[in-house]
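Visitor: Numbering follows full-length UniProt numbering, in which position 95 of the sequence shown is assigned residue number 95; successive positions increment by one, without gaps.
Idealized CB from N, CA, C, for every residue including glycine.
The structure's right below; bear with me while I get my questions together.
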Amino acid sequence: MANPEPLPLPNDVEADPTELQNDSGALLRWDKGDGTGVGHVALLGVRTVILALILCQDRSIEDSRLHSFLRRLNLTRDTVLPWASEDSKEPPVTLDKYLDLLAKLNYLEKVVTPSASGPGEPPTITWRWGSREAEFSEAAAAEFIASIVLDGEGSDSEGEAPARGGRRGVDDEPRLTREQKRARLLKNVERAAGGPLAE
């Protein structure tokens, strides 16, 4: 989603050509936050992705594994996230600092375990789903995952997704409607989370 892709030119002849040239076509544009300390839309998107990843890993994930998933979205430990407007005096926020901020705000729980190898080894860090579910629940994270997976799938003229292989009768599984796929996907997310999802 973070990889740039060329967009088709709009039919609007009044479109600003410089705007088209500056748009990379990526679905996730980390450089396009709303620029305020309270809204920061891009950071809310990053938070949603992180919580969804943790949810699907039995509500707990090691730091190295989380970062390996986030690298697929071009987010490294030192990536500067859009946080404040250009005239703000606040320092830039890196991904690692943002994870610590999420822990401070109770969206995440950071568990630091001393290394069993010895005193000179770095501790193991595990991220867990936090206690702040009033704003973003596990059920909302599951819906986010379902919308990403199913919206990218498309549908045929009958409202059903095409069978695997693109032809009828290729596999033995009957074709599922979009709603059946959604229900099955939400059940799989619940299984991956290790139990019922909190509302």
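Please classify residue 191 as buried or exposed, where buried requires at least 16 other C-beta atoms within 10 Å of its C-beta.
Guide: Under this definition residue 191 is an exposed residue.
Visitor: Assuming contact is defined by CB atoms lying nearer than 8 Å, are residue 138 and residue 193 in contact in what I supplied?
Guide: Yes, Cβ-Cβ distance for residue 138 and residue 193 is below 8 Å.
Visitor: Identify the residues that DSSP records as bridge partners of residue 112: which are they?
Guide: Residue 112 pairs with 125.
Visitor: For residue 58 versus residue 126, is the C-beta spacing smaller than 8 Å?
Guide: For residue 58 and residue 126, no; Cβs fall outside 8 Å.
Visitor: Are there 16 or more other CB atoms within 10 angstroms of the CB of residue 43, so buried, or fewer, so exposed?
Guide: Looking at its Cβ environment, which holds 16 or more other Cβ atoms inside 10 Å, residue 43 is buried.
Visitor: Indicate whether residue 132 and residue 98 have their beta-carbon atoms separated by less than 8 Å.
Guide: No.
Visitor: Exposed or buried, what is residue 105 when buried is set at 16 or more other beta-carbons lying within 10 Å of its beta-carbon?
Guide: Label assigned to residue 105: exposed.
Visitor: Report the rounded CA-to-CA distance for residue 176 versus residue 122, giving the unit in angstroms.
Guide: Answer to the nearest angstrom: the Cα atoms are 48 Å apart.
Visitor: Would the beta-carbon of residue 129 fall within 8 Å of that of residue 186?
Guide: Cβ atoms of residue 129 and residue 186: not closer than 8 Å.
Visitor: Could you round the C-beta distance between residue 53 and residue 61 to whole angstroms and report it? I think they count as a contact, below 8 Å.
Guide: 7 Å between Cβ atoms; contact.
Visitor: Note down, in chain order, each residue of its chain lying with its Cβ closer than 8 Å to the Cβ of residue 48, except the 5 sequence neighbours on either side.
Guide: 136, 141, 144, listed in sequence order.
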